[in-house]
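Structure first, then comments.
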Amino acid sequence: MADRSRHSLSLRIYYEDTDFSGAVYHASYLRFFERARTEWLRDMGFDQRTAFEARPPVTFVVTRLSIEYRRPAQMDDVITIDTDLIEARGASLVLAQRASRGEEVIAEAEITVASLSAGRPVRLPRAIMQALSATTAARAN
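The numbering used here numbers the first residue of the sequence shown as 1 and each following residue consecutively.
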């Protein structure tokens, strides 16, 4: 069974991601991390659009973010965004995300994402909890 608590996404840096100096603009990493979290959920079989269109709709919002920038990435670099689950709580996920170029760490973040419906916290969707529970059970064996 695949470890659903971990995910990697590779992406290329484009001109639009950089600042005037040619280095990746600091806020671009937030988009990269968001994209990686979305693909992590998708790989678990959870489609955010379907969840948003459900009744009641469920959305995710970042409630806490801590980021450390270590090295600049440049246009045309290929970087990898690793996402690791730290903790799944009733209505939130705490994730560690890391951007790297090969073995070199470029940026690291710890992000808390809350599950909301009608602007209020709700338990994490069952599909996510089931996928994460299966991973936890497989690790224990």
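Note that beta-carbon positions come from the ideal geometry of N, C-alpha and C, so glycine has one too. Please read these numbers as outputs of a predicted model, since none were measured by experiment.
Please list, in chain order, all residues of the same chain as residue i whose beta carbon is under 8 Å from its beta carbon, the five residues on each side excluded.
i, result
"S92", "T63, T112, V113, A114, S115, P121, L124"
"A27", "none"
Look at the alpha carbon of residue i and the alpha carbon of residue j, and state the distance between them as a whole number of angstroms.
i, j, result
"A140", "F52", "Any reading at A140 must be qualified, since the residue scores a pLDDT of 49, below 50, and its modelled position is unreliable; the value itself is stated next. Cα to Cα, the separation comes out at about 33 Å."
"N85", "E34", "A quick correction: the sequence has Leu, not Asn, at residue 85. About 14 Å."
"M129", "M75", "37 Å"
"R98", "I67", "9 Å"
"V24", "A109", "16 Å"
"L65", "R89", "16 Å"
"R101", "V78", "7 Å"
"R42", "L95", "16 Å"
Quick one, which of the options has its alpha-carbon nearest residue i's?
i, options, result
"A54", "L132, A118, S66", "A118"
"S21", "P72, A107, M44, R49", "P72"
"S5", "R37, F32, Y29", "R37"
Give the secondary structure of residue i by DSSP, where H, G and I count as helix, E and B as strand, and everything else as coil.
i, result
"A51", "helix"
"D43", "helix"
"E103", "coil"
Considering only residues of the same chain and omitting the five flanking positions on each side of residue i, which have a CB-CB separation below 7 Å?
i, result
"G45", "A127, A131"
"A107", "Y29, I67, E68, Y69, R70, A99"
"V104", "The sequence shown places Glu at residue 104, rather than the Val named in the question. Correct list, in chain order: R71."
* Decide if the stretch 10-18 is in contact with the stretch 57-71; the criterion is three or more beta carbon pairs, one per stretch, under 8 Å apart. => no
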